[in-house]
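Encoded as structure tokens, the structure appears first; notes follow it.
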Ligand code: SF4
């Protein structure tokens with residue numbers, strides 16, 4: 313998928329005018345945001361668990377090659393086949409070859425952000441395969457011809473009414489009124505697809521090095537049907553998903569559901585170790601794993617290394633005022649919200665996405681709620697600095713910042729310049745008490761008036777106040 317992140321501002325403006333999106337996004341605040349707060353408060357060791365999560369991920373990243381080798385050995389011993397993919401094109405080609413060798417016509421797929429990252433569905437479909445998403449949210453956005461707008465709830469931007477109308481158009485019959493009816497309808501159709509598919513594709517939340525297991529987490533059980541019913545199971549995931557032990561996986565699992573939706577644990581958590589054994593009746597006969605790099609190994613030794621701790625819980629976006637106003641589609645690529653503003657420039661190139669790290673108020677809520685304490689504002693600031701260095705923002709923003717930086721480093725000059733500017737604005741605005749238009753302040757005055765300042769800077773008011781107190 314080509315990023316359209318450079319139009320973030322226009323998309324966000326359109327999103328603010330969309331009443332359906334506003335209703336849908338408000339549910340995140342009352343639902344998952346409050347759910348996380350309740351789950352964290354109910355677990356006294358929650359903060360200690362976060363520290364443990366950070367320690368596990370940092371340890372793995374410091375020894376990534378070692379744990380990947382151990383994992384590959386164990387996974388192969390269990391009967392699976394590992395494929396290493398340097399980039400998206402390689403991963404897509406490997407996936408297609410596996411599907412072709414399996415003689416696949418229909419492929420079922422449970423939610424995988426890595427598959428979104430490499431544009432797998434479009435590629436497989438262009439090569440004649442029928443790809444059916446089995447996660448309900450993913451199925452809905454697939455029918456709508458859209459992309460997911462949230463890590464955990466891909467269709468979180470849609471209301472029930474819109475989904476009912478979408479189902480009626482694709483499945484026939486009158487629009488259903490109740491959520492339960494919609495779920496039952498999707499389930500009936502997906503059950504048939506599970507039985508038709510020759511290959512099932514899933515992601516992996518974690519890879520356990522000591523056992524060679526892959527771990528999947530869902531609330532619908534669709535990953536289990538996707539991996540268990542077809543003859544071939546293909547897992548696609550990033551190299552950073554490996555953890556040393558089962559115990560480490562459980563530490564992160566305890567953080568994941570609480571941070572994502574406020575659940576203690578997700579509905580279905582599955583540890584799968586290799587394909588079905590010869591004496592087993594159920595399970596895939598073959599199991600493949602594509603381990604994708606796509607720039608991750610370069611991140612390990614660079615300034616964005618902490619981002620590789622991400623366990624894709626979505627808490628940062630559930631708490632981000634910009635995401636909650638603009639919605640996920642405004643970000644113009646696969647990863648959205650604060651985590652997307654850091655990852656997208658890495659994977660899709662800063663030239664095409666430099667607007668995303670500026671889509672933040674730097675309020676710090678994302679970092680506060682991130683279960684693995686990723687310093688998201690710091691990482692977004694690093695991208696802003698890099699964009700500035702590469703001259704990507706428009707000249708007015710660059711020169712404005714340069715002028716501000718020049719003044720900020722010279723306090724006496726700064727005080728003089730602000731004193732003159734504020735005195736001038738105070739004088740100009742004295743009659744009306746406000747400005748409805750002002751150069752360089754169009755973003756503010758487009759929707760509201762700017763109150764005229766008193767004509768005295770904050771520094772001088774503060775000084776006067778201290779003198780009076782003394
Ligand atoms: S950055 Fe943190 S909060 Fe955001 S999805 Fe990743 S782990 Fe969750």
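Residue numbers (this note's numbering): 313 to 782. Even glycine gets a Cβ: it sits at the ideal position worked out from N, Cα and C.
If you count every other CB in all the chains shown that lies within 10 Å of the CB of residue i, and 16 or more means buried, which is it?
i           : result
residue 489 : exposed
residue 476 : buried
residue 570 : buried
residue 427 : buried
residue 379 : buried
residue 530 : buried
residue 465 : buried
residue 643 : buried
residue 315 : buried
residue 460 : buried
residue 439 : exposed
residue 363 : exposed
residue 741 : buried
residue 462 : buried
residue 545 : buried
residue 659 : buried
residue 781 : exposed
residue 542 : buried
residue 711 : exposed
residue 716 : exposed
residue 332 : exposed
residue 422 : buried
residue 346 : exposed
residue 447 : buried
residue 381 : exposed
residue 678 : buried
residue 335 : exposed
residue 707 : exposed
Alpha carbon to alpha carbon, how far is residue j from residue i? Give it in angstroms, no decimals.
i           : j           : result
residue 298 : residue 750 : Past the edges of the chain, shown from 313 to 782, lies residue 298, and the structure says nothing about it.
residue 355 : residue 525 : 28 Å
residue 548 : residue 420 : 13 Å
residue 538 : residue 604 : 21 Å
residue 607 : residue 646 : 16 Å
residue 656 : residue 685 : 19 Å
residue 359 : residue 377 : 29 Å
residue 599 : residue 514 : 11 Å
residue 313 : residue 450 : 16 Å
residue 718 : residue 550 : 43 Å
residue 442 : residue 508 : 11 Å
residue 713 : residue 743 : 31 Å
residue 729 : residue 432 : 55 Å
residue 553 : residue 395 : 15 Å
residue 773 : residue 763 : 18 Å
residue 339 : residue 760 : 28 Å
residue 620 : residue 698 : 19 Å
residue 456 : residue 683 : 32 Å
residue 342 : residue 324 : 22 Å
residue 473 : residue 671 : 30 Å
residue 704 : residue 601 : 38 Å
residue 414 : residue 519 : 24 Å
residue 361 : residue 626 : 18 Å
residue 669 : residue 491 : 36 Å
residue 755 : residue 321 : 11 Å
residue 317 : residue 776 : 47 Å
residue 486 : residue 480 : 6 Å
residue 637 : residue 592 : 50 Å
residue 434 : residue 408 : 12 Å
residue 555 : residue 369 : 7 Å
residue 700 : residue 535 : 43 Å
residue 757 : residue 735 : 20 Å
residue 654 : residue 478 : 33 Å
residue 375 : residue 726 : 48 Å
residue 417 : residue 330 : 39 Å
For residue i, is the beta carbon positioned less than 7 Å from some heavy atom of the ligand COA?
i           : result
residue 712 : The model on display carries the ligand SF4 but not the ligand COA.
Closer than 8 Å is the cut-off here; do at least three beta carbon pairs connect the stretch 620 to 640 with the stretch 648 to 655? Verdict: yes, contact present.
Say whether the stretch 610 to 621 touches the stretch 682 to 697, bearing in mind that this needs 3 or more beta-carbon pairs closer than 8 Å, one atom from each stretch. yes
So if I measure from each beta-carbon to every heavy atom of the ligand SF4 and keep distances below 5 Å, which residues remain? 622, 623, 625, 627, 628, 651, 682 and 686
Assess contact between the stretch 383 to 393 and the stretch 571 to 588, defined as three or more Cβ pairs (one per stretch) separated by less than 8 Å. Is contact present? yes
Uninterrupted alpha helix (DSSP H) stretches inside the stretch 353 to 393 (no shorter than 4 residues): 358 to 374 and 376 to 389
Which runs of the alpha helix (DSSP H) spanning at least 4 residues fall entirely within the stretch 482 to 543, listed in chain order? 491 to 508 and 534 to 540
Alpha helix (DSSP H) segments (min. 4 residues) lying fully within the stretch 390 to 467: List check, alpha helix (DSSP H) in window: 400 to 413, 425 to 429, 432 to 438 and 448 to 456.
In chain order, what are the residue ranges of uninterrupted alpha helix (DSSP H) at least 4 long that sit wholly in the stretch 560 to 601? none
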